[in-house]
Amino acid sequence: MSTVTDPRVSVLISTSDRPETLERCLRSVLSQTYENFEVLVLDNSPHLDSCIQLDDEFSDDRLQCTHIDESRGVAGSRNWLMNEANGDVYIVIDDDAKFESDDAVENIVAGFHDDVGIQAFKIVDHPDNESDHILAPVPQSQADKIDFDESFKASYYVGGGHAIKREVIEQCGYYNDDLMYGHEELDLSYRTIESGFKIEYNPEIVVHHYPEPPVINTNTVGRPEFYYELRNRLYLGYRYLPLKYLVSYFLVWIGYYAFVSMKSFSPDEFISALVDGIRFCTDVDRDPISSSAERYLKHNHGRLWY
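The numbering used here applies: residue 2 is where the sequence shown begins, and numbers increase by one.
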């Protein structure tokens, strides 16, 4: 990577039943001024093949679309795309998001200096298409103390827009398919930091996000969103955190999702998430982060106690 002045870039987008938002996303991608890039789209929809519509709408040799009639989840879809990609840099953007400027890819390539392995973007969330707030790779308790117009080292990244060196995936492994949905970025962040790479928040890369209902829900996979989030939180704490953090970590997240389940009248899903989370943990060996990775998290807005 350090010897290549114009590395090959792969922009990766997974989608399902969102043809209009996907087109908006693609227009912002295909208008980029950087020349050496490809765009890979994976359509997971069992109902609609967006690739047919894209072929009619776009005539661009850089764009490749594949339709697979099965839900691979967030992690599985990204892994499939990375496995098919030819780039030295992977740029991942959600189908319900778009780049603000046409020089985003150029700035991403320029941002991979020194030992930066992952870049977190400045994601401006528009939950009602009007108001906005920044989805930042910091705990909410620290957000008011940070200038999001300045770059900083981070301990994780928001999945809706980020970039990863191929070298990171080759050294640290792909996303964990078993997570399906929820906190897969945190899992890869732990492994990335443990391997000596840095994660950097890059405010030059502005992504506007117009959130659609999640494709992982009771109707599509038989489970609510919070089921996967709690199950995966238990797994992440058990696998990566030193023992001194575990009691606090488990109490906070179990308590939080107990409240979520009561609000949604889904106590049975809460119990299932607990049981399956414990079972998930027993199937893997603990691999706590090293003291150097722990120091990195402490100094760069990381999550340890919760």
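The beta-carbon is built from N, C-alpha and C at its ideal position, and this holds for glycine as well.
Closer than 7 Å by C-beta to residue 78: which residues in its own chain qualify, once you throw out the five before and the five after it? Chain order, please.
-> Excluding residues within five positions, the ones whose Cβ falls inside 7 Å are 15, 43, 45.
Measure the CB-CB distance between residue 97 and residue 22 and report whether it falls below 7 Å.
-> Taking a C-beta distance under 7 Å as the contact criterion, residue 97 and residue 22 qualify as a contact pair.
With a cut-off of 8 Å, do at least 3 Cβ pairs link the stretch 188-204 to the stretch 292-307?
-> With a cut-off of 8 Å, the stretch 292-307 and the stretch 188-204 count as touching, because enough Cβ pairs lie within range.
Residue range of the unbroken alpha helix (DSSP H) whose run includes residue 233 | Annotation for residue 233: the continuous alpha helix (DSSP H) segment containing it runs 226-241.
May I have the straight-line CA-CA distance separating residue 51 from residue 65, to the nearest angstrom?
-> Rounded to the nearest angstrom, the two C-alpha atoms are 12 Å apart.
Helix, strand or coil: how does DSSP classify residue 92 here?
-> Correct three-state label for residue 92: strand.
Looking at the structure shown, is residue 159 part of a helix, part of a strand, or coil, going by DSSP?
-> Three-state result, residue 159: coil.
3-residue-minimum beta strand (DSSP E) runs that sit fully inside the stretch 129-214, ordered along the chain | Segments of the beta strand (DSSP E) lying fully in the stretch 129-214: 134-136, 153-155, 162-166, 199-210.
Residue 86 - DSSP class collapsed to helix/strand/coil | Coil, per DSSP.
Could you tell me the distance, in whole angstroms, from the CA atom of residue 282 to the CA atom of residue 263?
-> In a straight line, the C-alpha of residue 282 is about 25 Å away from that of residue 263.
For residue 56, three-class secondary structure by DSSP | In this structure, residue 56 counts as helix in the three-state DSSP scheme.
Go through its chain and collect everything with a Cβ distance to residue 277's Cβ below 7 Å, but skip five positions before and after it.
-> Once the five neighbours on either side are set aside, the close Cβ partners of residue 277 are 232.
Name the two residues that bound the continuous beta strand (DSSP E) containing residue 16.
-> Note, residue 16: beta strand (DSSP E), 10-16.
Any idea what DSSP makes of residue 22, helix, strand or coil?
-> Residue 22: helix per DSSP, three-state reduction.
Looking only at DSSP bridge pairs, what is residue 119 linked to?
-> Among the bridge pairs identified by DSSP, residue 119 is matched with 165, 200.
CA nearest to the CA of residue 123, picked from 210, 289, 185 | Ranking 210, 289, 185 by Cα distance to residue 123 puts 210 first.
Assuming residue 76 and residue 178 form a contact by the criterion Cβ under 8 Å, report the distance between their Cβ atoms to the nearest whole angstrom.
-> At roughly 5 Å, the Cβ-Cβ gap stays under 8 Å, so residue 76 and residue 178 are in contact.
DSSP on residue 39, reduced to helix/strand/coil?
-> Residue state, collapsed to three classes: strand.
Please classify residue 61: is it buried, with 16 or more other beta-carbons within 10 angstroms of its beta-carbon, or exposed?
-> With fewer than 16 Cβ atoms within 10 Å of its Cβ, residue 61 is classed as exposed.
Within the same chain, show all residues whose beta-carbon is closer than 7 Å to that of residue 2, passing over the 5 residues directly before and after it, in chain order.
-> Confidence at residue 2 is low in this model, with a pLDDT of 42, below 50, so the placement of that residue should be treated as unreliable; the coordinate-derived value is given next. Excluding residues up to 5 positions away in sequence, 8, 89, 113, 166, 168 lie with their Cβ nearer than 7 Å to the Cβ of residue 2 in the same chain.
Going by the CB atoms, is the gap between residue 182 and residue 74 shorter than 7 Å?
-> Yes, the pair counts as a contact, with Cβ atoms nearer than the cut-off.
CB contact below 7 Å: residue 33 versus chain D = In the structure shown, chain D does not exist; there is a single protein chain.
Look up residue 290 in the DSSP assignment and say whether it is helix, strand or coil.
-> DSSP places residue 290 in the coil class of the three-state scheme, outside both helix and strand.
What are the partner residues of residue 99, as DSSP defines its beta bridges?
-> Answer is 209, bridged to residue 99.
Span of the alpha helix (DSSP H) holding residue 283?
-> Run containing residue 283: 268-283, per the alpha helix (DSSP H) assignment.
Who does residue 64 pair with in a DSSP beta bridge?
-> According to DSSP, residue pairing for residue 64 in a beta bridge involves 40.
Residue 33 to residue 101 span [Cα, whole Å] | Approximately 10 Å, taken between the alpha carbons.
What are the residues that DSSP puts in a beta bridge with residue 126?
-> DSSP, once it has assigned bridges, lists 134, 210 as partnering residue 126.
Where do the ends of the alpha helix (DSSP H) carrying residue 112 lie?
-> From DSSP, the alpha helix (DSSP H) with residue 112 extends over 105-112.
Run through DSSP, which three-state label would residue 306 get?
-> Reduced to three states, the DSSP call for residue 306 is coil.
How should residue 248 be labelled, buried or exposed, when 16 other C-beta atoms within 10 angstroms of its C-beta is the threshold for buried?
-> Exposed is the call here.
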